[in-house]
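Chemist: One structure, pasted below without further comment.
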Amino acid sequence: MSKKVILVTGGQRSGKSGYAQRLALSLSPKPVYLATSRIWDEEFRKRVERHQRDRGPEWTNIEEEKYLSCHDLTGRVVVIDCVTLWGTNFFFDNQSDVELSLSLLKAEFDKLSRQDAYLIFVTNELGMGGVPIDEVQRKFTDMQGWLNQYIASKADEVVLMVSGIPVKIKE
Numbered sequence: 001m002s003k004k005v006i007l008v009t010g011g012q013r014s015g016k017s018g019y020a021q022r023l024a025l026s027l028s029p030k031p032v033y034l035a036t037s038r039i040w041d042e043e044f045r046k047r048v049e050r051h052q053r054d055r056g057p058e059w060t061n062i063e064e065e066k067y068l069s070c071h072d073l074t075g076r077v078v079v080i081d082c083v084t085l086w087g088t089n090f091f092f093d094n095q096s097d098v099e100l101s102l103s104l105l106k107a108e109f110d111k112l113s114r115q116d117a118y119l120i121f122v123t124n125e126l127g128m129g130g131v132p133i134d135e136v137q138r139k140f141t142d143m144q145g146w147l148n149q150y151i152a153s154k155a156d157e158v159v160l161m162v163s164g165i166p167v168k169i170k171e
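All residue numbers for the sequence shown refer to the UniProt record's numbering, where the first residue is 1 and numbers rise by one.
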């Protein structure tokens with residue numbers, strides 16, 4: 001498997017994760033699912049457990065909130081789901097400091113993408129709706145947009161999911 005970075009972006013429930021998972025399974029019989037979600041409460045824990053069951057036994061599941069590059073993914077096909085929750089973890093832990101969080105996220109992305117692995121990043125396209133009324137939400141939306149731009153600029157391919165349909169916007 002050759003080294004590659006793919007970014008799959010789109011709105012909520014646009015089919016991003018399903019597309020990324022199908023792509024990974026078409027490339028490897030034993031892909032890795034690298035989940036970045038922090039477990040905030042019991043309902044969310046149950047959601048995570050349900051998603052793990054739904055993916056099936058062929059997946060290697062890794063839970064990592066922030067430091068994705070600490071895992072050796074050499075030679076593997078990996079779905080990183082998702083960039084938005086990954087960014088949330090840095091943003092929350094750094095008291096909504098956009099510059100610091102973005103700097104740390106870019107550095108961690110760069111470390112991870114240097115690994116000899118096929119990486120499929122899933123992210124939300126937050127900036128396509130209205131402007132949030134809350135300052136913290138605006139700051140997060142800005143940071144997320146800048147992070148998406150950074151990853152897209154480094155990616156070999158970018159796919160925009162629209163109503164379940166993949167639209168390749170960078171090949």
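The beta carbon of each residue, even a glycine, is placed where N, CA and C say it ideally should be.
Is Asn89 near Lys66, with beta carbons less than 8 Å apart?
Modeler: At a Cβ-Cβ threshold of 8 Å, Asn89 and Lys66 count as neighbours.
Chemist: Can you check whether the CB of Glu125 is closer than 8 Å to the CB of Gly11?
Modeler: yes
Chemist: Rounded to whole angstroms, what's the CA-CA distance from Ile80 to Arg50? Just pull it up for me.
Modeler: Here the alpha carbon of Ile80 sits roughly 17 Å from the alpha carbon of Arg50.
Chemist: Distance check for Asp134 and Leu73, CA to CA, integer angstroms please.
Modeler: 38 Å
Chemist: Is the beta carbon of Ser101 closer than 8 Å to that of Gly87?
Modeler: yes
Chemist: Counting C-beta neighbours from all protein chains within 10 Å, is the total for Gln21 16 or more, i.e. buried, or is it exposed?
Modeler: Burial call: buried.
Chemist: Starting from Lys139, follow the alpha helix (DSSP H) in both directions and report where the run begins and ends.
Modeler: 135-154
Chemist: Which residue's Cα is closest to the Cα of Thr60: Val78, Arg45, Leu68, Lys46?
Modeler: Val78
Chemist: Rank Cys82, Leu23, Gly130, Phe140 by C-alpha distance to the C-alpha of Phe109 and give the top, closest one.
Modeler: Cys82
Chemist: Between Lys168 and the rest of its own chain, which residues show a CB-CB distance below 7 Å, the 5 nearest in sequence each way excluded?
Modeler: Closer than 7 Å at Cβ, skipping near neighbours: Glu157, Val159.
Chemist: Reducing DSSP to helix, strand and coil, say where Val159 ends up.
Modeler: strand
Chemist: Just to confirm my understanding: we take Leu25, look at its own chain, exclude 5 residues before and 5 after, and list those with CB closer than 8 Å. What are they?
Modeler: Result list for Leu25: Pro31, Glu58, in chain order.
Chemist: From Phe92, Ser163, Tyr150, pick the residue whose C-alpha is nearest to that of Leu7; which is it?
Modeler: Tyr150
Chemist: Give me the Cβ distance between Val162 and Ser69, rounded to the nearest whole Å; I'm assuming they're in contact under 8 Å.
Modeler: The Cβ separation is near 31 Å, so there is no contact.
Chemist: Mind pulling the beta strand (DSSP E) runs of 3 or more residues that sit fully within the segment 64-146?
Modeler: 77-81, 118-124
Chemist: Tell me whether Ala117 is buried or exposed, calling it buried when 16 or more other Cβ atoms sit within 10 Å of its Cβ.
Modeler: buried
Chemist: State buried or exposed for Lys111, treating a residue as buried only when at least 16 other CB atoms are found within 10 Å of its CB.
Modeler: So Lys111 ends up on the exposed side.
Chemist: Measure how close the beta-carbons of Lys154 and Ser113 come, nearest whole angstrom, since I'm counting them as under 8 Å.
Modeler: The pair is a contact, with the Cβ atoms about 6 Å apart (cut-off 8 Å).
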